[in-house]
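Residue numbering for the sequence shown is 1 to 210, as defined by my numbering. Ideal Cβ placement from N, Cα and C applies to all residues, glycine included. Notes to accompany the following structure.
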Amino acid sequence: EHFASEGFELEIDEAIVVEGDDGERFGMVSEATSRIRGGCGVGCMKRVRRRATTQDIEMDRKNAGREKEALVYCRERVLQRGLAMKLVTADHILDGRKLTFYFTSEGRVDFRELVRDVAQRFHTRIEMRQIGVGDESGVKGGYGPCGRNLCCSSFLKEFAPVSIRMAKEQNLSLNPSKISGMCGRLMCCLRYEHGGKESATPAGATVPAS
Numbered sequence: 001e002h003f004a005s006e007g008f009e010l011e012i013d014e015a016i017v018v019e020g021d022d023g024e025r026f027g028m029v030s031e032a033t034s035r036i037r038g039g040c041g042v043g044c045m046k047r048v049r050r051r052a053t054t055q056d057i058e059m060d061r062k063n064a065g066r067e068k069e070a071l072v073y074c075r076e077r078v079l080q081r082g083l084a085m086k087l088v089t090a091d092h093i094l095d096g097r098k099l100t101f102y103f104t105s106e107g108r109v110d111f112r113e114l115v116r117d118v119a120q121r122f123h124t125r126i127e128m129r130q131i132g133v134g135d136e137s138g139v140k141g142g143y144g145p146c147g148r149n150l151c152c153s154s155f156l157k158e159f160a161p162v163s164i165r166m167a168k169e170q171n172l173s174l175n176p177s178k179i180s181g182m183c184g185r186l187m188c189c190l191r192y193e194h195g196g197k198e199s200a201t202p203a204g205a206t207v208p209a210s
């Protein structure tokens, strides 16, 4: 995700703390960029709060361990309770007071008892967020065939329709393995060059953090 870095002179691989929807998040500077996000410039992006302290770095290390442990435990409870859901990942806010699980499911899931199980085990606030199959890659992150971070896990916030016609009109290979993303669907970037109208436009400096 991209964050406005105004007021900071940051270096690549520098540890930082950024704003989140529900609390502060730890991240690393991976690149300098100036992409627009849904037509929104730097002014409405979340911001870099501060350079990470040694305490922030240690807390993030502990959180990473707890996330792995929580994901294993939660998957065990899902199986034991026979819930029709697939856990994707677990995510702590920096202060550790909230743990969010992302999952996919074909329908609605009554996970109230599951939340009680996990909350009793880890003594923190638990939230379950259902996401679509197409959102799974964005949540987990990764790299595309271009060698860059996935669009859906960095700057892309809205998914516009992508069709095989876009690949045909650009004379691209129609081999599914060549034009499909990690989600198994057509790559979002097929729109960028189509018709010369969907390409991303830079505007203002931002800093992405993971």
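Item to check | Local conformation of D95 per DSSP, three classes | outcome: As a working mapping, residue 95 is identified with position 95 in the sequence shown. It is coil, neither helix nor strand.
Checklist entry - Taking the alpha-carbon positions, what's the A32 to K46 distance? => result Taking the sequence shown and counting its residues from 1, one reaches residue 32 at position 32. Taking the sequence shown and counting its residues from 1, one reaches residue 46 at position 46. Computed Cα separation, rounded: 15 angstroms.
Item to check | Helix, strand or coil at G27 according to DSSP, with G and I counted as helix | outcome: Residue 27 sits at position 27 when you count from the first residue of the sequence shown. In this structure, G27 counts as strand in the three-state DSSP scheme.
Next on the checklist: For K98 and D22, I'd like the C-alpha separation in whole angstroms.
Outcome noted: Within the sequence shown, the letter at position 98 stands for residue 98. Within the sequence shown, the letter at position 22 stands for residue 22. Whole-angstrom Cα-Cα distance: 9 angstroms.
Next on the checklist: Please classify D110 as buried or exposed, where buried requires at least 16 other C-beta atoms within 10 Å of its C-beta.
Outcome noted: On the sequence shown, position 110 is the one that residue 110 refers to. The residue in question, D110, is exposed, as its Cβ has fewer than 16 Cβ neighbours within 10 Å.
Next on the checklist: What does the Cβ neighbour count give for S163, buried or exposed, with the cut at 16 atoms within 10 Å?
Outcome noted: The count along the sequence shown starts at 1 and reaches residue 163 at position 163. It is exposed - the Cβ of S163 has fewer than 16 other Cβ atoms within 10 Å.
Item to check | Distance, L172 Cα to A123 Cα | outcome: Looking up residue 123 in the sequence shown gives position 123. Looking up residue 172 in the sequence shown gives position 172. The displayed chain sequence assigns His, not Ala, to residue 123. Rounded to the nearest angstrom, the two C-alpha atoms are 52 angstroms apart.
Checklist entry - Starting from E69 and walking both ways along the alpha helix (DSSP H), at which residues does that stretch end? => result Mapped onto the sequence shown, residue 69 falls at position 69. Start and end: T54 to R81.
Next on the checklist: Using only CA atoms, which one of E19, C146, G107 and G144 lies nearest to R129?
Outcome noted: Indexing the sequence shown from 1 puts residue 129 at position 129. Closest by alpha carbon: G107.
Item to check | Cα-Cα separation, V17 to Q120 | outcome: As a working mapping, residue 17 is identified with position 17 in the sequence shown. As a working mapping, residue 120 is identified with position 120 in the sequence shown. The alpha-carbon atoms of V17 and Q120 are separated by roughly 29 angstroms.
Next on the checklist: Rounded to the nearest angstrom, what separates E19 and E69 at their Cα positions?
Outcome noted: Looking up residue 19 in the sequence shown gives position 19. Looking up residue 69 in the sequence shown gives position 69. Roughly 25 angstroms separates the two Cα atoms.
Next on the checklist: I believe R269 touches E113 by the beta-carbon criterion, under 8 angstroms. Please report the beta-carbon distance rounded to the nearest angstrom.
Outcome noted: Since the first and last residues shown for the chain are 1 and 210, residue 269 lies out of range.
Checklist entry - What residues in its chain sit with their C-beta under 8 angstroms from that of I57, if we drop five residues either side in the sequence? => result Numbered from its first residue, the sequence shown carries residue 57 at position 57. Taken in chain order, the residues that qualify are A15 and F26.
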